[in-house]
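Residue numbers (our numbering), protein chains in the order written: chain A, 61 to 272; chain B, 61 to 272.
All C-beta atoms, glycine included, are put in the ideal place defined by N, C-alpha and C.
Computed from a prediction, not measured in an experiment: that's the story for all the values here.
These notes concern the structure reproduced below.
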């Protein structure tokens, strides 16, 4: 049984958390340099100067560790957006910044996964699927907040926030999904640029349509 | 060698064309009822009252026959849009109708493939890939025509037609790609409705942004 699933009152909990944070950082570095398939658990343990047994104590396999890194990335993205939303900036600018963060996040995930060898979507189903849905729902919540604030401050006209949020969030995800499909997980810098252009123009048009 | 690849001057050519058209129709019926994987070449031959050998004379395998049916669907879609574009209707209405045709086309492809068993994208690569790119380019041409006409008749404001066309076409495809990914080729009527809503709202917003 891994430490993570033990009861909360454990006095070693904070020591464990420090260890887990360190493992995630080491794994993140390895994955983003070499990708998922070219990284071994032994290399991550060695980077940290700990034994493989010690690493496996916290993460039973590489897929779980990879997923934990993805969750960390998702949480970082969500925190970035949540902080940005609080700033005294126009809602249109916030929406643009949201898409900028999305692009960075997409780039980071791609570099972590080096999707060309083993797509994230292929591993740990349905665990990966749950992660994706959870993240998509959080994205929608964040977009919805930006849109509502824009309506409240009279920057945007009135519209069906739920439907617009759903369309905008899935539009952004759709550009990504399409590019991954088109490039068969082999995205070049050029492909990334194309996605960026599409997303930005989409955002501009969206803002234009809802602005007063 | 199949008849199709013989020289053009062949006096049997038109008889062959009639036969091929009949095969495509029979195959289309079978595929759309039972899907790709649940249809056999024997059943198609039997539907037509011809021998399997006779069917294989025209199509060396089921994948090729399926691809020929897909091409037929693509051409029908392209013809529908091309004819519609010529009508004396507002460009905004044409853009909406384009998306309506897209939705019907998507539905037809889904029913033909019964994607849950063997996704079209998985068979006959890179042949299927070429087909898709060819179709995407034709879609862009058609969208571009509608947009240019809308600018010419002052219905739309001036904008970078190429960039807008590229974004609009990939936006529409992205919604499809995302839904196929989300549903893992198991689209329900509900899923289809969601795609429809997203595409229509996207189109409305796009039109609003470019209209004068």
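In terms of Cβ geometry, residue 92/B and residue 105/B do not form a close pair [threshold 9 Å].
Below the 8 Å Cβ cutoff, chain A contributes 231, 234, 235, 258 and 262 as neighbours of residue 231/B, in chain order. Residue 224/B has a beta carbon lying within less than 9 Å of a beta carbon in chain A. At least 9 Å separates the CB of residue 155/B from every CB of chain A. Close CB contacts of residue 125/B within its chain, under the 6 Å cut and outside five residues either way in sequence, are with 87 and 119 (chain order). DSSP, reduced to helix, strand and coil, places residue 271/B within a strand of the structure shown. Under the DSSP definition of a beta bridge, residue 216/B partners with 271/B. Restricting attention to 256/B, 203/B, 271/B and 257/B, the CA atom closest to the CA of residue 145/B is found in 203/B. Spanning the alpha carbons of residue 152/A and residue 162/A requires a straight line of approximately 15 Å. Following the DSSP letters along the chain, one finds residue 129/B inside the alpha helix (DSSP H) bounded by residues 122-146.
In terms of Cβ geometry, residue 112/A and residue 101/A form a close pair [threshold 9 Å]. Look at residue 96/A here: in three-state DSSP terms it is coil, with no helix or strand label.
For residue 156/A, the enclosing alpha helix (DSSP H) starts and ends at 151-173. Close partners of residue 269/A in chain B (Cβ separation under 7 Å): 265, 268 and 269. Rounded to whole angstroms, the separation of the alpha carbons of residue 132/B and residue 142/B is 15 Å. When secondary structure is reduced to three states using DSSP, residue 110/B falls in the coil class, being assigned neither helix nor strand. For the set 235/B, 252/B, 158/B and 89/B, the Cα lying nearest the Cα of residue 140/B is the one of 158/B.
Judged by DSSP in its simplified three-state form, residue 119/A adopts coil rather than helix or strand. For residue 238/A, the enclosing alpha helix (DSSP H) has its first and last residue at 221-243. Residue 259/B and residue 110/B have their C-alpha atoms roughly 43 Å apart. Linking residue 272/A to residue 215/A through their CA atoms gives a straight-line distance of about 6 Å. Pairwise C-beta distances place the region 189-203 of chain A out of contact with the region 246-254 of chain A, as fewer than three of them are shorter than 8 Å. By the rule that beta-carbons nearer than 9 Å mark a contact, residue 241/B touches chain A.
At least 9 Å separates the beta-carbon of residue 270/B from that of residue 227/A.
Taking a Cβ-Cβ threshold of 7 Å, the residues of chain A close to residue 238/B are 230, 233, 234 and 237, in chain order.
When Cβ-Cβ separations below 9 Å define contact, residue 227/B makes contact with chain A. The Cβ atoms of residue 130/B and residue 172/B lie closer than 9 Å to each other.
Taking residue 79/A as the centre and dropping the five residues before and after it, the same chain places the C-beta of 118 closer than 7 Å to its C-beta, in chain order. Nearest neighbour of residue 134/A by Cα position, chosen from 168/A, 122/A, 149/A and 156/A, turns out to be 168/A. Taking the CA atoms as reference points, residue 76/A sits about 35 Å from residue 242/B. No Cβ-Cβ contact shorter than 9 Å links residue 81/A with residue 155/A. For residue 230/A, the closest alpha carbon among the candidates 224/B, 223/B and 239/B is that of 239/B.
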